[in-house]
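Visitor: Just passing along the structure, written as structure tokens.
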Amino acid sequence: MKKRMLIVMPVLLLLGLLGSVCVSALNAHSLEATDPSLLPRYADFLLEDFENTGSLTTSSNVVSLSAVSQTDFPPYLPVSGRGMAMGVVPFLQSGEWCFVEKELDIHADLSEFDSLFCYASCQSAGNTLIPVRMTLLTDGGEWEYNTFLTPGVGNTLIADLSELTGDTAIRGVRILFQNGGEQPLVNFIFSLDSLALSYSEDLLSSLNFLADSFSVSAGGEAVKGDDGYTFTLDGSDPYVQTVGFLSSSRKNRLSFSTDLEPESIEVYYSTTASPVFSRDRRVDCTLYGDTIRSAVFELPNETVDEIRVVFHGENLKGQVTLYSFAPLSVFTPIVSEAGQVSSCLISTSKEDVVLSGRLDLTAFEGGSLMLYELAAYEDESTSPLLTYVPLAVSELSEEFTFRFPLYDASGRSRLFSKFLVAYSDGRRLTLIDNAKYISNPSVLAESTVVRPDTTPKGFSSRTRSELIAFGASAVSFAVECEKLITLGASRYSVSVDGENVYFSEAYVEELDRLVKSYDGIGCEAVARLTVKSAGDERIDRLLLHPSSVSGAYGAFNTADENGLVYFRAICDFLLTRYNGSGQGLIGRYVLGDCVNDWGSRYSVGRSGIDVFASAYASALRLLWISCESRGLSEAVFASVSGDVFSFSPAGTLMYADSLTLLSYLEGLTNASTPFAWGICSDPFAIRDNEGYEAFRDALLPFERTLIVDEHTVNTAPFPEEESTKRYIESYGVFASADALLYFITDSRSLNASAALYLDTLKASEVLTPYLGKEAAEAFPLLRSRLFTEQSALSYPAFDVTGRFRLFDFAADTDGFAAGESILSIEGGQDLLGKEELLIFTPSGPGSIQVLLSSPLDLSSAPAVSFEASVASLPEKTDRAILRVSFHAGKDIAAYEGGVSVGDWSDFVCDLSGFERASAIDRITVELRAADGAPLGEPLAVLSSFDLLSPTLTDEELTAFFTPAAGEGEYAFLSPDNKLLVWSLIVVIVLTFSLLMLRSGTWRREE
8 MKKRMLIVMP VLLLLGLLGS VCVSALNAHS LEATDPSLLP RYADFLLEDF
58 ENTGSLTTSS NVVSLSAVSQ TDFPPYLPVS GRGMAMGVVP FLQSGEWCFV
108 EKELDIHADL SEFDSLFCYA SCQSAGNTLI PVRMTLLTDG GEWEYNTFLT
158 PGVGNTLIAD LSELTGDTAI RGVRILFQNG GEQPLVNFIF SLDSLALSYS
208 EDLLSSLNFL ADSFSVSAGG EAVKGDDGYT FTLDGSDPYV QTVGFLSSSR
258 KNRLSFSTDL EPESIEVYYS TTASPVFSRD RRVDCTLYGD TIRSAVFELP
308 NETVDEIRVV FHGENLKGQV TLYSFAPLSV FTPIVSEAGQ VSSCLISTSK
358 EDVVLSGRLD LTAFEGGSLM LYELAAYEDE STSPLLTYVP LAVSELSEEF
408 TFRFPLYDAS GRSRLFSKFL VAYSDGRRLT LIDNAKYISN PSVLAESTVV
458 RPDTTPKGFS SRTRSELIAF GASAVSFAVE CEKLITLGAS RYSVSVDGEN
508 VYFSEAYVEE LDRLVKSYDG IGCEAVARLT VKSAGDERID RLLLHPSSVS
558 GAYGAFNTAD ENGLVYFRAI CDFLLTRYNG SGQGLIGRYV LGDCVNDWGS
608 RYSVGRSGID VFASAYASAL RLLWISCESR GLSEAVFASV SGDVFSFSPA
658 GTLMYADSLT LLSYLEGLTN ASTPFAWGIC SDPFAIRDNE GYEAFRDALL
708 PFERTLIVDE HTVNTAPFPE EESTKRYIES YGVFASADAL LYFITDSRSL
758 NASAALYLDT LKASEVLTPY LGKEAAEAFP LLRSRLFTEQ SALSYPAFDV
808 TGRFRLFDFA ADTDGFAAGE SILSIEGGQD LLGKEELLIF TPSGPGSIQV
858 LLSSPLDLSS APAVSFEASV ASLPEKTDRA ILRVSFHAGK DIAAYEGGVS
908 VGDWSDFVCD LSGFERASAI DRITVELRAA DGAPLGEPLA VLSSFDLLSP
958 TLTDEELTAF FTPAAGEGEY AFLSPDNKLL VWSLIVVIVL TFSLLMLRSG
1008 TWRREE
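Here's what the structure looks like:
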């Protein structure tokens, strides 16, 4: 039986942007300030959102069907804000059909729904009307709706279902397009969006404002752009006006941006009965947002022929860009306030998950509770759940508990799933709270990762010697995930839910070298995870969000099953390999890079902030689950820029200030099981101390751990002194905040002395000239480290009573290893008339170093003596500087002296005044030119290192410094450590003696 045709309402929105420019709707920076009417109503019972096309079938003449976030023809953007299906037919003969079909298995009472609707559009060279048929396939038969599409505009297809009654099974929906003309259609392209059932008349609202019929107040002009119409306005109360058609609409939204500062906006309208604008036909607008703004207004339920938008305020001269007109109404799944999920936890046995909650039984009559398991990317609305088999079913109870296995029958872990409780009365579902994730994945960790003690200072540097010299506690670097994955066989792989994922051997080994170089120097590695096109479509489909824009940094694909497997595999591989054993430790993970500019930095296509924030929050949570289950806590950070002041880059809609995005993330993550994520922000664009304080104070209310990363001081417009001052002040502002974990900067852009001394007790002496006031006064709360720097002596400052050979270099390097830019290092060499020497060749800034297996206590032998020379230097360079540094954690004592070609110089490093001389854990040696010029590839030569004491004899020193058994290095025990060892021995002996006495073992035989 064919259904009667209702209407087709072509929806040519302003520029065809069909109301899905999902914008920030925040007056204040919190989710609570969002007006619910700003959510576009696109479905009461959503059958298909076209976010992906895996469940769709097509006719054979459709050569391509893909999920897209935008098209090149109206309506450009999806009404749902999620996605559209775009199909391509290269050649459609006259009279020929093409189709898309969605297979369903839904049981529903169709008498509750008034219509089946879908948004559709097409692009055709002939621009003739395109016959279209929408067919509903049910157990009771097929119902057809026939109409026409107008090419180049958005069309709403609405099939009347009022004659359908009773409970029936919906098996599918088929949408067919026909070439109704006499000539073939070449490259016919169509789009589909939001296939749904509806019982609301509000959905019959549509706007048909003609984009080419705009007029502007006197002195204004309009220019059509790629995203919208831009109007230049001038004068008092300027306006923009258009003719069109608006029916049965209540709330509407105008999306725009402007450099004006209007105090208010009014909308005047005319009707067929009253075609003239007048004061009694005007409505006030409620304004939302900062960068992209929304003017929400309500019109009467009558036909509107013309709209005039009037801006009120003083000196309104400037530009306004209009993006879309769209009807609005509230769309949210029905969530009952009479129930709550209180916990979702892995049991103590680690085999089950226990989900508990409470119900107000007075709000329900009969029925049952259904527990559903959803993948992270699946919709939480009630309509898709009707196609799912519940994980469990329970009778209604005031306190309910579901217990189910952590692993399903196939062995797949449910750790990354979310769980939804719904009440069923036999006909429809009502959600009980938002979907919940498991909140205690850390119970699965086999061990807990231990991090080193840190100070806030960090650098973006790949030079180990630089990190050591500057006393850095953290270093940040990028993991380019598109380089990490390979589709071929590899020695490196992980298995996720039975699927093997392989990793590039070359890139893994590059990461190994990098991460391992940070190991053992007390510097925590902070990895920034990014992804963009790999140049291989197969890898791109797995790693990149389906809507990512080519050429941009993409969003990780957590939108489908394959993408989820690969994202989890990347997390699993990094966490397993770089867990502190063997290959070093990555201690923190930052997701993306300044993602509040998601148009180019974390692309999910041409989407609004709500769609983007949802995708990003999902990936952030999955990363957190991975870290926690591997014993790495407080490790996950969201990345935003330093823009908290509503600055928007020109020409982009996919942007929000950092506070707006963070507010969205706060709301999304708290609504569905809160978890601990931090904020990683880059305040590069800030130019003064006042700005740094405002930036810091804006982030602190989130009460989340803060990393300030990639903070490069912009030296271009400023002399070195001014740049250094800016860096010093910004560090002081952030380091005084308890929430700050690290302040990581690009060391190459800094004055070396500022970077070196910033967090040391030497700061007052070195930095005061830059600040114009005492550094101690500038940084009253700054955590400091010890740093002493002096010239090496040529002889001891005390009478030597004993000497001990620390390093002899007789056969090898005695533990010294080459750092960056060291071409070679050898021990046991003869040169310049001496034997058993250590020789190293630097090719640039870099050092050799020895890491001591246990702290070296030099309090009784505070001087280190050796001889040094250099065998070659560049022409006209006869002298170089040798620098020896003794490290105790982040505290450093450094000594410098000159060396000349062919001459031996005596070096005595006196650590008598170094407070941490009893805890030396590392010694570094570097060679540099006296005048800063390149040294070429000189040959630096060192003799054996002796410890000198003013109190102990040779024998006493030998007894004090005892080699560890079976090791080539010394395991040096400080006096405190020795006291501890002897104390433990005494306690053990006494305890053993008491036990023996009590047992009678030592009783004298009678």
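Mapping of the sequence shown onto the numbering used here: residues 8 to 1013, in sequence order. Heads up, the beta-carbon is just placed ideally off N, CA and C, and yes, glycines get one too. Note that the structure is predicted; figures quoted are calculated from it, not measured.
What runs of the beta strand (DSSP E), each 3 residues or longer, lie entirely inside the segment 793-818?
Guide: Entirely contained in the segment 793-818, the beta strand (DSSP E) runs reaching 3 residues are, in chain order, 794-798 and 809-814.
Visitor: Of all the options Ser-131, Asp-146 and Leu-123, which has the alpha carbon lying nearest to the alpha carbon of Arg-140?
Guide: If you number the sequence shown from 1, residue 140 lands on position 133. For Arg-140, the nearest C-alpha among the options comes from Leu-123.
Visitor: Kindly indicate which residue of Val-482, Thr-752, Glu-736 and Ser-454 has the alpha-carbon position closest to the one of Thr-461.
Guide: Stepping through the sequence shown from its first residue, residue 461 is reached at position 454. Minimum Cα distance to Thr-461 is reached at Val-482.
Visitor: Identify, in the order they occur along the chain, each residue of the same chain with its Cβ nearer than 6 Å to the Cβ of Gly-698, setting aside the five sequence neighbours on each side.
Guide: Numbered from its first residue, the sequence shown carries residue 698 at position 691. The answer is none, since no qualifying residue turns up.
Visitor: What does the alpha-carbon distance come out to for the pair Glu-313 and Tyr-276?
Guide: Within the sequence shown, the letter at position 306 stands for residue 313. Within the sequence shown, the letter at position 269 stands for residue 276. Taking the straight line joining both Cα atoms gives about 6 Å.
Visitor: For the beta strand (DSSP E) that contains Val-932, what are its first and last residues?
Guide: Taking the first residue of the sequence shown as position 1, residue 932 is located at position 925. Here the beta strand (DSSP E) through Val-932 covers 927-936.
Visitor: Name the two residues that bound the continuous alpha helix (DSSP H) containing Ala-280.
Guide: Taking the first residue of the sequence shown as position 1, residue 280 is located at position 273. Unbroken run through Ala-280: none, as it is neither H nor E.
Visitor: From what residue to what residue does the beta strand (DSSP E) around Gly-542 run?
Guide: Here residue 542 corresponds to residue number 535 of the sequence shown, with the count starting at 1. Looking at the DSSP string, Gly-542 is not in any beta strand (DSSP E), and its letter there is neither H nor E.
Visitor: Here's a check: name, in chain order, each residue in its chain whose Cβ is nearer than 7 Å to the Cβ of Lys-985, leaving out the five neighbours to either side.
Guide: The residue you call residue 985 lines up with position 978 of the sequence shown. Unreliable placement is indicated for Lys-985, whose pLDDT of 46 sits below 50; no coordinate value is reported for it.
Visitor: Which of helix, strand or coil does DSSP assign to Val-396?
Guide: The residue you call residue 396 lines up with position 389 of the sequence shown. In the structure shown, Val-396 sits in coil (DSSP, three-state: anything other than H, G, I, E or B).
Visitor: Classify Pro-412: buried if its beta carbon has 16 or more other beta carbons within 10 angstroms, exposed otherwise.
Guide: As a working note, residue 412 is residue 405 in the sequence shown. Burial call: exposed.
Visitor: Tell me the DSSP secondary structure of Glu-714 in three-state form.
Guide: Locating residue 714 in the sequence shown gives position 707, where the first residue counts as 1. Note that residue 714 corresponds to Ile in the displayed sequence, not to Glu. The answer is strand: DSSP assigns Ile-714 an E or B state.
Visitor: Among Leu-451, Ser-511 and Lys-523, which one has its Cα closest to the Cα of Thr-470?
Guide: As a working mapping, residue 470 is identified with position 463 in the sequence shown. Nearest of Leu-451, Ser-511 and Lys-523 to Thr-470, Cα basis: Lys-523.
Visitor: Which same chain residues, not among the five before or five after Arg-703, have their C-beta less than 7 Å away from its C-beta?
Guide: Position 696 of the sequence shown, counted from the start, is the residue given in the question as residue 703. Excluding residues within five positions, the ones whose Cβ falls inside 7 Å are Val-740, Phe-741 and Ala-744.
Visitor: Could you tell me whether the Cβ atoms of Ala-817 and Ile-855 are closer together than 8 Å?
Guide: Mapped onto the sequence shown, residue 817 falls at position 810. Mapped onto the sequence shown, residue 855 falls at position 848. For Ala-817 and Ile-855, no; Cβs fall outside 8 Å.
Visitor: Is it buried or exposed, Lys-464, if we count other Cβ atoms within 10 angstroms and call 16 or more buried?
Guide: Your numbering for residue 464 matches position 457 in the sequence shown. By the neighbour-count rule (16 or more Cβ atoms within 10 Å), Lys-464 is buried.
Visitor: Leaving out five residues before and five after Ala-678 in sequence, what residues of the same chain have Cβ atoms less than 6 Å from its Cβ?
Guide: As a first step, residue 678 is located in the sequence shown; it is residue number 671 there, counting from the start. Cβ within range, chain order: Asn-441.
Visitor: Are the segment 142-156 and the segment 94-105 in contact at 8 Å, needing three or more beta carbon pairs?
Guide: Output reads no: the segment 94-105 does not touch the segment 142-156.
Visitor: Based on DSSP bridge pairs, tell me the residues matched to Arg-140.
Guide: Counting from 1 along the sequence shown, the entry for residue 140 is found at position 133. In the DSSP output, where bridge partners are listed per residue, Arg-140 has Asn-153 and Leu-183.
Visitor: Would you check if there are 3 or more beta carbon pairs closer than 8 Å linking the segment 819-839 to the segment 887-905?
Guide: No: fewer than three Cβ pairs fall under 8 Å.
Visitor: Hey, out of Arg-595, Ser-951, Ser-454 and His-552, whose CA is closest to Phe-1's CA?
Guide: Beyond the ends of the chain as shown, which are 8 and 1013, falls residue 1; an answer cannot be given.
Visitor: Classify Phe-873 as buried or exposed, calling it buried when 16 or more other Cβ atoms lie within 10 Å of its own Cβ.
Guide: Taking the sequence shown and counting its residues from 1, one reaches residue 873 at position 866. Per the 10 Å Cβ criterion, buried.
Visitor: DSSP on Val-915, reduced to helix/strand/coil?
Guide: Residue numbering aside, residue 915 sits at position 908 when the sequence shown is read from its first letter. Strand, per DSSP.
Visitor: DSSP three-state call for Asn-507: helix, strand or coil?
Guide: Within the sequence shown, numbered from 1, the residue matching residue 507 stands at position 500. The answer is strand: DSSP assigns Asn-507 an E or B state.
Visitor: Using a Cβ-Cβ cutoff of less than 6 Å, which residues in the same chain neighbour Gln-347 once the five nearest sequence positions on both sides are dropped?
Guide: Locating residue 347 in the sequence shown gives position 340, where the first residue counts as 1. Within the same chain, Gln-347 has close Cβ partners Gly-364, Arg-365 and Asp-440.
Visitor: Given Arg-545, which residues of its chain have a CB within under 8 Å of its CB, disregarding the five upstream and five downstream residues?
Guide: On the sequence shown, residue 545 is found 538 positions in, with the first residue counted as 1. Closer than 8 Å at Cβ, skipping near neighbours: Leu-494.
Visitor: With 16 as the cutoff for other CB atoms within 10 Å, does Leu-323 come out buried or exposed?
Guide: For the purposes of this step, residue 323 is taken as residue 316 along the sequence shown, with counting starting at 1. Flag for Leu-323 reads buried.
Visitor: Thinking C-alpha only, which one of Met-661, Tyr-499, Glu-512 and Ile-528 is nearest Ala-476?
Guide: Within the sequence shown, residue 476 is the residue found at index 469, counting from 1. Ala-476 has its Cα closest to that of Ile-528, out of Met-661, Tyr-499, Glu-512 and Ile-528.
Visitor: Report yes or no: do three or more beta-carbon pairs, one from the segment 440-458 and one from the segment 624-639, lie closer than 8 Å?
Guide: The segment 440-458 is in contact with the segment 624-639.
Visitor: From the DSSP output, which residues share a beta bridge with Phe-574?
Guide: Reading the sequence shown from its first residue, position 567 is the one you call residue 574. Looking at the DSSP assignment, Phe-574 forms no beta bridge with any residue, so it has no partner.
Visitor: Assuming Asp-928 and Phe-811 make a contact with CB atoms under 8 Å, what is their CB distance in whole Å?
Guide: For this step, residue 928 is matched to residue 921 along the sequence shown. For this step, residue 811 is matched to residue 804 along the sequence shown. Between Phe-811 and Asp-928 the Cβ distance is about 18 Å, and since that is not below 8 Å, they are no contact.
Visitor: By the three-class DSSP mapping on this structure, what secondary structure does Pro-97 have?
Guide: Working through the sequence shown from its first residue, we reach residue 97 at position 90. Here Pro-97 sits in strand by DSSP.
Visitor: Hey, quick one: how far does the beta strand (DSSP E) through Ala-442 stretch, first residue to last?
Guide: Against the sequence shown, residue 442 aligns to sequence position 435. Element bounds for Ala-442: 436-444.
Visitor: How big is the Cα-Cα spacing for Leu-630 and Glu-489?
Guide: Counted from its first residue, the sequence shown places residue 630 at position 623. Counted from its first residue, the sequence shown places residue 489 at position 482. Taking the straight line from one Cα to the other gives about 17 Å.
Visitor: With distance defined between alpha-carbon atoms, name the residue in Pro-957, Ile-930, Phe-914 and Ser-919 nearest to Ser-860.
Guide: Counting from 1 along the sequence shown, the entry for residue 860 is found at position 853. Looking at the Cα atoms, Ile-930 is the closest of the given residues.
Visitor: Who are the near neighbours of Pro-269 in its chain, counting only those whose CB is closer than 7 Å to its CB and skipping five residues on each side?
Guide: Taking the first residue of the sequence shown as position 1, residue 269 is located at position 262. Taken in chain order, the residues that qualify are Phe-318, His-319, Gly-320 and Leu-323.
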